[in-house]
Amino acid sequence: MVGNTFGTLLRLTTFGESHGESIGGVLDGVPPNIPIDITLIQNALDRRKPGQNRYVTARTEDDIIQIQSGLFEGKTLGTPICFIIKNTNQQSNDYDELKTYFRPGHGDYTYHAKYGHRDHRGGGRASARETAARVAAGAFAHIILQHTLKRPILIRSCVKQLGDHNAITNTQAIDWDFVIKNTEENPIGCPCPIALPRWIQKLNQLKEDGLSAGATLYFEAHGLPAGLGEPVFDKLDADIAKAMMGINAVKAIAMGDTFDVCAAQTGYDEMTLNEDNTIAFTSNQAGGTLAGISTGQPITGLVAFKPTSSTKTVRQGLTNNGQPISIPINGRHDPCVALRARPIIEAMLALTVCDHFLRWRGQCGNS
Ligand SMILES: Cc1cc2nc3c(=O)[nH]c(=O)nc-3n(C[C@H](O)[C@H](O)[C@H](O)COP(=O)(O)O)c2cc1C
1 MVGNTFGTLL
11 RLTTFGESHG
21 ESIGGVLDGV
31 PPNIPIDITL
41 IQNALDRRKP
51 GQNRYVTART
61 EDDIIQIQSG
71 LFEGKTLGTP
81 ICFIIKNTNQ
91 QSNDYDELKT
101 YFRPGHGDYT
111 YHAKYGHRDH
121 RGGGRASARE
131 TAARVAAGAF
141 AHIILQHTLK
151 RPILIRSCVK
161 QLGDHNAITN
171 TQAIDWDFVI
181 KNTEENPIGC
191 PCPIALPRWI
201 QKLNQLKEDG
211 LSAGATLYFE
221 AHGLPAGLGE
231 PVFDKLDADI
241 AKAMMGINAV
251 KAIAMGDTFD
261 VCAAQTGYDE
271 MTLNEDNTIA
281 FTSNQAGGTL
291 AGISTGQPIT
301 GLVAFKPTSS
311 TKTVRQGLTN
321 NGQPISIPIN
331 GRHDPCVALR
341 ARPIIEAMLA
351 LTVCDHFLRW
361 RGQCGNS
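Be aware that the sequence shown starts at 1, since it is given in the working numbering, and climbs by one per residue.
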């Protein structure tokens, strides 16, 4: 199996299956002498871990990061940072039956078709547990970016649409304090206090009925300079699309704040000057890039997630021998997996822009 590595100058390789000893990552290309506060990495992992509220899976995993290499006396050495996260909550018996059939909507069949041998427990390598390694690496990337650019880089996301209900039509209307600071009342990243009760009601109903919903998440990154992104195959928006599409259950991405980014727009991001004669744009419909290179505006986009495949309702699958089978799902599952995906999206964005920042520095750093 190749394809476990992401990035060019900042390269993350992840390893591990969800019910193996541990999962983890090797982050290579990290500049030396960057102070790393490990609590920031752990905080990022804590945001992703299951069991945070009643709308996400009841699995409880501690997800404690253990650094194996690359840090010394609180700073990066410039050598590969290797970290592991032990798998501590494997109830592998929950998954025993899975060796005999293919669940719809999962990688069971495709892994079998490709490799002929799979770790069936909890999805193995296809499990979203692997994304914990991305979240840890993304937190390193965020620290590297802020340290080398010497300014705060704000990377944030919210859930814009849950099922068929769009909470906001305009991303300017996102109540970021409600999303980020009010996590007690709003543990699901809803962008609008008026929409929240409706969403909670919907999630309760989905749980009761044993059904699931998809969702659309909005992301943005502020504080990045113009110039990130490489013509022509490694455009910044192309690499962001790859980063997002590589997340489990993601089915679509758009740059900007609408999936109608091209079809329904009239006119496009005109240029102007600020009062101090610095360059500005009249809008940011393109999501912060031109010709694949960042403009210095916020990088913005939308990511669409499919509904959770495993629910409590019986689904139709096939046995390993090709016999139809009705599958009752026994494991522990989220009614909407996207509700846990905000830290993953932010991590993949941080990794992508940090990789491009290091590439920019390598080629144009003195210009
Ligand atoms: C954070 C997160 C948690 C997930 N948890 C579940 C889950 O509990 N049950 C499930 O059926 N799918 C879950 N998924 C989605 C599956 O991992 C994914 O649908 C499956 O591996 C097939 O891959 P694909 O949907 O990308 O084609 C989760 C996805 C994410 C991002």
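We treat Cβ as the ideally placed atom computed from N, Cα and C, and that holds for glycine.
Contact test: residue i Cβ vs ligand 1 heavy atom, cutoff 7 Å
i: ILE253; result: no
i: SER157; result: no
i: LEU333; result: The sequence given here has His at residue 333, not Leu. Within the cutoff, so yes.
i: LYS306; result: yes
i: HIS106; result: yes
i: THR131; result: yes
i: SER127; result: yes
i: SER18; result: no
i: GLY138; result: no
i: ALA241; result: no
i: ILE247; result: yes
i: ILE344; result: yes
i: VAL26; result: no
i: ARG118; result: no
i: VAL314; result: no
i: GLY123; result: yes
i: ARG134; result: no
Separation of residue j from residue i, as counted between CA atoms
i: TRP176; j: TRP199; result: 17 Å
i: CYS192; j: ALA215; result: 15 Å
i: CYS82; j: ALA133; result: 10 Å
i: GLY105; j: THR311; result: 11 Å
i: GLY223; j: GLY29; result: 22 Å
i: ALA249; j: SER127; result: 10 Å
i: GLY78; j: ASN33; result: 7 Å
i: LYS181; j: THR13; result: 32 Å
i: THR352; j: ILE36; result: 19 Å
i: PHE305; j: GLY246; result: 12 Å
i: GLY322; j: VAL337; result: 29 Å
i: LYS251; j: GLU275; result: 42 Å
i: ARG340; j: ARG129; result: 11 Å
i: GLU270; j: ARG359; result: 28 Å
i: PHE72; j: GLN146; result: 20 Å
i: ALA347; j: ALA44; result: 9 Å
i: ALA280; j: THR300; result: 16 Å
i: SER69; j: ALA173; result: 44 Å
i: THR258; j: ASP96; result: 42 Å
DSSP state of residue i mapped onto helix, strand, coil
i: MET271; result: strand
i: PHE373; result: Since the first and last residues shown for the chain are 1 and 367, residue 373 lies out of range.
i: HIS165; result: strand
i: LEU27; result: strand
i: LEU21; result: Note that residue 21 is Glu in the sequence shown here, rather than Leu. It is coil, neither helix nor strand.
i: ALA126; result: helix
i: VAL314; result: coil
i: THR5; result: strand
i: ALA249; result: coil
i: ILE240; result: helix
i: PRO324; result: strand
i: PRO35; result: strand
i: GLU184; result: coil
Bridge-paired residues (DSSP) for residue i
i: LYS235; result: In DSSP, LYS235 forms no bridge with anything.
i: GLU220; result: ARG156 and THR300
i: TYR101; result: THR319
i: LEU290; result: ILE293
i: THR76; result: LEU71
i: ALA213; result: For ALA213, which the question treats as bridged, DSSP gives no partner whatsoever.
i: ARG11; result: ASP28
i: CYS82; result: VAL26 and SER69
i: ILE279; result: LEU273
i: ALA254; result: LEU302
7 Å CB neighbourhood of residue i in its chain, flanking five on each side removed
i: LEU236; result: LEU228, GLY229, THR289, GLY292, ILE293, SER294 and HIS356
i: PRO328; result: VAL314
i: ALA241; result: ILE253
i: ILE325; result: TYR101, GLY317, LEU318 and THR319
Chain-order list of residues whose beta-carbon lies under 6 Å from that of residue i (same chain, five-residue window excluded)
i: PHE6; result: LEU12
i: HIS142; result: ALA350
Beta-carbon contacts of residue i that lie in its chain and below 8 Å, excluding the five residues immediately before and after
i: VAL179; result: ARG156, CYS158, ASN186, GLY189, CYS190 and PRO191
i: ASN371; result: Residue 371 is absent from the model: the chain starts at 1 and stops at 367.
i: PHE140; result: LEU27, VAL30, ILE36, ILE41 and ILE81
Residue-chain proximity (residue i, chain B), Cβ-Cβ < 8 Å
i: THR14; result: Of the protein chains in the structure, only one exists, and it is not chain B.
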